[in-house]
Amino acid sequence: LEREGVLKQLLPKLQAKDIFSRGRFGSWRYEVGNQDHSFMLGVEAADRIVNGAVELTLNYPDFVNGRMNDERRLIDGGQVFQNKGTDKADAAGDAKPVDIAANRAGTATNGVGGDEQPFRTNGA
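Going by full-length UniProt numbering, 92 is the number at position 92 of the sequence shown; the sequence numbering is gapless.
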């Protein structure tokens, strides 16, 4: 058996039982097994559970290893993903976390004039 063949069957079965096997040894992906990757595996698993986000580090290790992750940052205890709208809000000092329910409903905005962009936070 090859590792990927086993993982493609095993991880979904564990997740069906609400077990998200992640981290240095939990996901068995040596390509993303150092400390910062292990941390991001946990962050992205939480994002998936709460927001339905894609787990880039788990599912696309070559992609995350080939680039710098500069889209994510924390403001006032909330997490935002970088986009043109949040950049403008950050520069204006108007960036605010939004609640998850508003985000899922598509009503959350960054509060930047007429070109408001929905964005995601951790709801904090």
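Even for Gly, the Cβ is constructed at its ideal location relative to N, Cα and C. These figures come from a predicted structure and were not determined experimentally.
About 13 Å separates the Cβ atoms of L10 and R22, ruling out a contact at the 8 Å cut-off. If you draw a 10 Å sphere on the C-beta of R29, you find 16 or more other C-beta atoms in it, and that means buried. F39 sits in a helix when the DSSP states are folded into three classes.
When the beta-carbon positions are compared, T57 and V64 come within less than 7 Å of each other. Membership of G5 in the alpha helix (DSSP H) is indicated by the continuous run R3 to A16. In the three-state DSSP reduction, A45 falls in the helix class (H, G or I).
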